[in-house]
Amino acid sequence: MLTQFTINTCKSFGCRNLGLPISASADYSWPDYRLGFPALHCRACGSYPPLFDEQQFNEWLSAHLSAYAFENGHFCPECYCNKTICYGHNPRGTQRVQCRVCRKVWTPKRQLPGEVIPPVQIETVPLIVPFQGGRGDQKLYVLLSFDAIRGNILHLSTNFTQHPIGETLRYLWRGNIEPELHHSDIVKRVDMREMHFLRRSQFDEIQYGSAVLKRNAKGAILRPVIAAHGHFRVLNILFPEIKTHVISHECFLRGAVITVWAELFRQQQGELWFIEEDISDSDTNTPWYFQGKTHHGWWQSQWSLWIQGKNRKMVCPLTGGDSSNAEMLSIAASRHFIDWLYKQTNFTHSAQLSAGGVTQILLSLAHDYNDRLITAPSGD
Ligand SMILES: [Zn+2]
Ligand SMILES: [Zn+2]
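Just add 4 to wherever you are in the sequence shown, counting from 1, and you've got the working numbering.
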């Protein structure tokens with residue numbers, strides 16, 4: 005039987021329906037077209053999250069999670085439970101694993117590293133990278149999640165999928181890219197990005213560039229919002245208890261995190277923060293100074309501005325959160341990785357590869373990067 009993962013739900017922090025599926029609340033009505041697209045209306049908080057085709061989403065997500073489990077072995081490919089035990093070896097000497105719940109036995113393609121150490125804080129950022137498709141210079145939407153304290157990559161995924169997908173999950177490029185935000189004033193940048201969210205056909209429908217696969221290529225390009233839900237589902241199975249998330253300023257990343265860990269957020273056990281940074285001096289250790297608060301966008305979210313010499317950052321608590329934590333938050337781990345990535349010739353030459361090829365290179369570089377952190381924790 006297909007496990008049901010909720011995607012159509014109220015995504016408002018503080019609402020009694022946060023994370024509850026359609027069948028679990030009488031407050032929902034759907035489809036509602038008030039905002040010009042099919043939405044779920046939550047009468048308890050007045051929100052209108054866009055509706056997804058839940059069956060198509062679950063079919064893809066099940067295939068995605070199983071493939072991850074067969075590859076990495078951290079959880080069961082059948083029931084997605086993360087309670088597994090080593091279960092002897094196959095005839096070629098490779099470690100087999102058994103699920104303690106459904107007893108499924110399988111041989112992960114990658115040998116399991118020792119224990120996965122649960123992070124205290126996860127930091128997630130998007131990255132757009134080129135690939136060779138029907139034409140040159142097609143774009144892939146990549147999500148990178150790090151242990152924000154240790155700096156290692158916890159999960160990397162792209163919106164290329166090798167699995168068949170329903171049409172509603174497919175990314176459609178309408179030829180109208182959102183302008184890049186180069187504004188030198190970080191406060192204006194946050195404000196302008198909020199305006200971009202409002203100009204989208206719906207809040208979660210980012211237009212990040214053309215992404216056409218080669219003719220007859222296997223696989224498909226997912227809407228980034230779908231890739232984000234898949235990305236955070238994997239992290240949720242690995243780290244169900246994670247308390248603090250820091251994410252780039254992108255509204256559908258917020259929606260995916262709050263949906264996936266809804267139970268923790270309902271119990272006020274989690275913190276979720278937007279962060280925007282302007283770092284010109286990454287070596288300084290001087291303290292950050294709080295500069296003031298501003299409100300931005302449709303939701304009039306409250307952001308605080310912090311200054312450290314020439315450096316600026318803005319942070320926004322999305323789920324209450326203790327604002328004294330804001331001083332310590334950063335996306336430094338992803339900055340280090342992306343700097344390193346652009347020095348790897350494997351990566352800089354990968355624009356000639358297919359979307360699947362670029363995804364494989366990124367995964368392999370992520371493993372190299374983690375190995376390098378273990379062997380040379382202080383070095384360059
Ligand atoms: Zn609600
Ligand atoms: Zn199982």
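Note that the Cβ used here is the ideal one computed from N, Cα and C, for glycine as well. The structure displayed is predicted, hence computed values, not measured ones.
Residue i beta carbon near ligand 2 (any heavy atom closer than 6 Å)
i	result
V238	no
E82	yes
C90	no
C85	yes
C106	yes
C103	yes
Whole-angstrom distance between residue j and residue i, CA atom to CA atom
i	j	result
D36	T10	18 Å
T458	Y346	The structure shown does not extend to residue 458, since the chain is modelled only from 5 through 384, so no value can be given for it.
T162	E275	25 Å
S27	W34	12 Å
L309	S334	13 Å
C14	F256	13 Å
G179	R204	13 Å
Q125	F74	26 Å
L158	D287	24 Å
F294	F341	27 Å
E254	P95	47 Å
H300	M196	9 Å
R258	C90	36 Å
G92	Q356	41 Å
Q8	P25	10 Å
F269	G18	8 Å
E331	D375	30 Å
Reference residue i; option with closest CA among the options
i	options	result
Y373	L357, T363, W344 and T349	W344
C46	A30, F56, D57 and E58	A30
C103	N94, T88, F269 and W110	T88
L69	L24, V261 and N86	N86
T111	Q99, I121, V105 and V120	Q99
T323	C90, H249 and G40	H249
Q60	G234, Y72, V133 and A221	G234
V133	L369, L367, S354 and D375	S354
S16	R107, V261 and I246	V261
Y84	V238, K317, A266 and E245	V238
L148	E209, L357, F207 and A337	A337
I230	P54, G23 and R20	P54
Q271	L22, G155 and V109	L22
Q364	F243, E267, L144 and F150	L144
8 Å contact criterion, which residue i and residue j should meet: CB distance rounded
i	j	result
T64	H187	With the sequence shown as reference, residue 64 is identified as Trp, and Thr is not the correct amino acid for it. The Cβ separation is near 36 Å, so there is no contact.
I225	A359	7 Å
W454	V319	With the chain covering only 5 through 384, there is no way to say anything about residue 454.
Q142	S214	6 Å
I153	P183	With a Cβ gap of about 34 Å, I153 and P183 do not count as contacting.
T165	G223	6 Å
Any non-hydrogen atom of ligand 1 closer than 6 Å to residue i Cβ
i	result
N21	yes
S27	no
C46	yes
S334	no
S338	no
S16	yes
C49	yes
Start-end ranges of the beta strand (DSSP E) lying completely within the region 51 to 103, minimum 3 residues: DSSP runs (the beta strand (DSSP E)) wholly in the region 51 to 103: 88 to 93 and 99 to 103.
Entirely enclosed alpha helix (DSSP H) segments - the region 212 to 246, minimum 4 residues: 228 to 242
Entirely enclosed alpha helix (DSSP H) segments - the region 300 to 361, minimum 4 residues: 336 to 345 and 349 to 352
Ranges of the alpha helix (DSSP H) found wholly within the region 247 to 297, counting only runs of at least 4: 255 to 264 and 266 to 270
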